[in-house]
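S.K.: If you want this note's numbering, it's the 1-based position in the sequence shown plus 72.
Every residue, glycine too, gets a C-beta built ideally from N, C-alpha and C.
For clarity, every value in this text was computed on a predicted model and none was experimentally measured.
Quick one: the structure is below, questions incoming.
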Amino acid sequence: MPKALITGITGQDGPYLAEFLLSKGYHVYGLVRRLSTPNLENIHHIRDQVELLSGDLLDQGSITDAISETEPDEVYNLAAQSFVKASWEQPVLTGEFTALGVTRVLEAIRTVNPKIKFYQASSSEMFGKVTESPQKETTRFHPRSPYGVAKVYGHYTTVNYRESYGIFACSGILFNHESPRRGIEFVTRKISNGVARIKLGKQKKLELGSLEPKRDWGFSGDYVEAMWLMLAQDKPDDYVVATGENHSVREFVELAFEAVEIKNWEDFVISNVSHHLRPAEVDYLVGDASKARKVLGWKPKTTFRQLVEMMVKADLELEKRNKT
Ligand code: NDP
Ligand code: GDP
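Right under this line is the structure:
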């Protein structure tokens, strides 16, 4: 039975990846940081099928111990401070988690067993102020946030451990991917939840920043398969994972209101740029995943419309259950 260790198993992607690996017959371990109130909501449904270990990306010893205790074949490093806006508020901590955390996991692999395969969750935020469109593996990076800068560090650390020590280390440059498990502070989930609450009469207005930025939004459940496929190849490499389409925040809003049959969405939405101001913005991202398609045989299954409808429907159910 192959064994995989996932850091960040309690986040959005972690549970989808765990479900996917379980379906492939893996024994799945998850590294979870100690919190006074455990945050296991997203893995509640598979809690009895995965084995959790205590560890923190800030603590080298705990990562090394987790890897030597579990002896995994594969490590998926999904843990990070992943919210771009928060990275200006906590730039040093973001660097510690999102950048140096990668070195800590790779150092643990190097010292415990350099044959362990490694996946790094890199990001389209590394392209930032884009120099060409669509963005592919060879596009120059120009990150626009402490988060993007930290991800560039993580990406090159992954490449460097591959080149220096021959570790099977892959960097997946994933474009934005969403789901009903997305954190509530991200714009897609803020919209799907706000629209559900408006539909149910629990909220009057949805206040957003600019409606103009465009993202290449896919479904998290589709993207985790690409992570696994990268580690299943003969050689380690880096891949862009994206849908190849992009849409504005405005389009997401329109479709979300359409999903609950509200036509006059402008009456409910306040677009206030100062409400969600970032010191530097990423206006436009769209990925070219032709390498992943060709080498991995991967392609997205969920359309943009299906994604929006799935998220709104899930939030309607959640908000109906949640009376407060
Ligand atoms: P989330 O923010 O939902 O999850 C992050 C996870 O990291 C959580 O489980 C969190 O645990 C954990 N974590 C944070 N800090 C630490 C720490 N110090 N030690 C151990 N665990 C920690 O992210 P996603 O699931 O959306 O994304 C997964 C990865 O992919 C991230 O690295 C993200 O930056 C990257 N990525 C995501 C994209 C997206 O669109 N979703 C796009 C491109 C890259 P806790 O529950 O305790 O907070
Ligand atoms: P990001 O692509 O990782 O930064 O994901 P987000 O979901 O946080 O933001 C996507 C885009 O939506 C960015 O350009 C934001 O500036 C923009 N945006 C507009 N209004 C909001 C808002 O109210 N919240 C968030 N999170 N983003 C917003």
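Quickly, what does DSSP pair Tyr148 with across the bridge? List them, please.
M.R.: According to DSSP, Tyr148 bridges with Ile78 and Tyr191.
S.K.: Using C-beta distances below 8 Å, list every residue in its chain close to Ser264, excluding the 5 sequence neighbours before and after it, in chain order.
M.R.: Cβ within range, chain order: Pro252, Ala328, Val380, Met383, Val384, Ala386 and Asp387.
S.K.: Measuring only the C-alpha atoms, how far is Ser159 from Lys373?
M.R.: Taking the straight line from one Cα to the other gives about 31 Å.
S.K.: Rounded to whole angstroms, what is the Cα-Cα separation between Tyr148 and Val177?
M.R.: Tyr148 and Val177: Cα-Cα distance of roughly 10 Å.
S.K.: Of the choices Leu165, Leu301 and Ile115, whose alpha-carbon is the least far from that of Trp370?
M.R.: It is Leu301 whose Cα lies nearest to the Cα of Trp370.
S.K.: Using only CA atoms, which one of Val156, Glu113, Gly102 and Ile115 lies nearest to Ile135?
M.R.: Measuring from the Cα of Ile135, the nearest candidate turns out to be Gly102.
S.K.: Check whether the region 231 to 247 touches the region 188 to 197, taking contact to mean three or more Cβ pairs, one atom from each stretch, closer than 8 Å.
M.R.: Counting Cβ pairs under 8 Å, three or more are found: they touch.
S.K.: Spell out a yes or no on whether the region 305 to 316 and the region 265 to 281 are touching, meaning 3 or more CB-CB pairs, one atom from each, closer than 8 Å.
M.R.: Counting Cβ pairs under 8 Å, fewer than three are found: no touch.
S.K.: Mapping the DSSP letters down to three states, classify Asp324 as helix, strand or coil.
M.R.: It is worth fixing the name first, because residue 324 is Phe in this sequence and not Asp. It is helical.
S.K.: Using DSSP with H/G/I as helix, E/B as strand and the rest coil, what is Ala241?
M.R.: Three-state DSSP puts Ala241 in a strand.
S.K.: I need the straight-line Cα distance from Tyr356 to Arg287, nearest angstrom please.
M.R.: Spanning the two alpha carbons is a distance of roughly 6 Å.
S.K.: Ile115 by DSSP, collapsed to three states: which one?
M.R.: In the structure shown, Ile115 sits in a helix (DSSP, three-state: H, G or I).
S.K.: Return the Cβ separation of Val151 and Leu129 in integer angstroms, given the expectation that the two are a contact with Cβ distance under 8 Å.
M.R.: In the sequence under discussion, the amino acid at residue 151 is Ala, which differs from the Val named in the question. Confirmed, Cβ separation roughly 5 Å.
S.K.: Is Val156 near the ligand GDP, with its Cβ less than 8 Å from a heavy atom?
M.R.: The answer is yes for Val156.
S.K.: What does the alpha-carbon distance come out to for the pair Thr229 and Ile188?
M.R.: C-alpha separation (whole angstroms): 16 Å.
S.K.: Between which two residues does the beta strand (DSSP E) harbouring Gly200 extend?
M.R.: First-last for Gly200: undefined, no H or E at that position.
S.K.: Let me check understanding here. Comparing Cα to Cα, which of Gly290, Val267 and Asp306 lies closest to Asp339?
M.R.: Closest by alpha carbon: Val267.
S.K.: Beta strand (DSSP E) containing Ile139: first to last residue?
M.R.: Counting along the chain, Ile139 falls outside any beta strand (DSSP E), though it belongs to the alpha helix (DSSP H) covering Gln132 to Thr142.
S.K.: Going by the DSSP bridge assignment, what does Gly266 pair with across the sheet?
M.R.: The partner list for Gly266 (beta bridge, DSSP) is empty, contrary to what the question assumes.
S.K.: Have a look at Asp360 and Lys335 and give me their C-alpha separation to the nearest angstrom.
M.R.: Going by the C-alpha atoms only, they are around 33 Å apart.
S.K.: Would you identify the three-state DSSP class for Lys274, choosing helix, strand or coil?
M.R.: Coil.
S.K.: Per DSSP, what kind of secondary structure is Val380 in: helix, strand or coil?
M.R.: Helix.
S.K.: Give a yes or no on whether the C-beta atoms belonging to Thr296 and Phe155 are separated by under 9 Å.
M.R.: Note that residue 296 is Val in the sequence shown, not Thr. Cβ distance not < 9 Å, so Val296 and Phe155 don't count as in contact.
S.K.: Would you say Phe169 touches the ligand NDP, meaning its beta carbon is less than 8 Å from a heavy atom?
M.R.: Under cutoff, so the answer is yes.
S.K.: CB-CB under 6 Å to Ala180, same chain, minus the five flanking residues each way: which ones, in chain order?
M.R.: So the qualifying residues of the chain are Ile135, Thr136 and Ile139.
S.K.: From Ile256, Cys242, Leu390 and Ala352, pick the residue whose C-alpha is nearest to that of Leu368; which is it?
M.R.: With distances taken between Cα atoms, Leu368 lies closest to Cys242.
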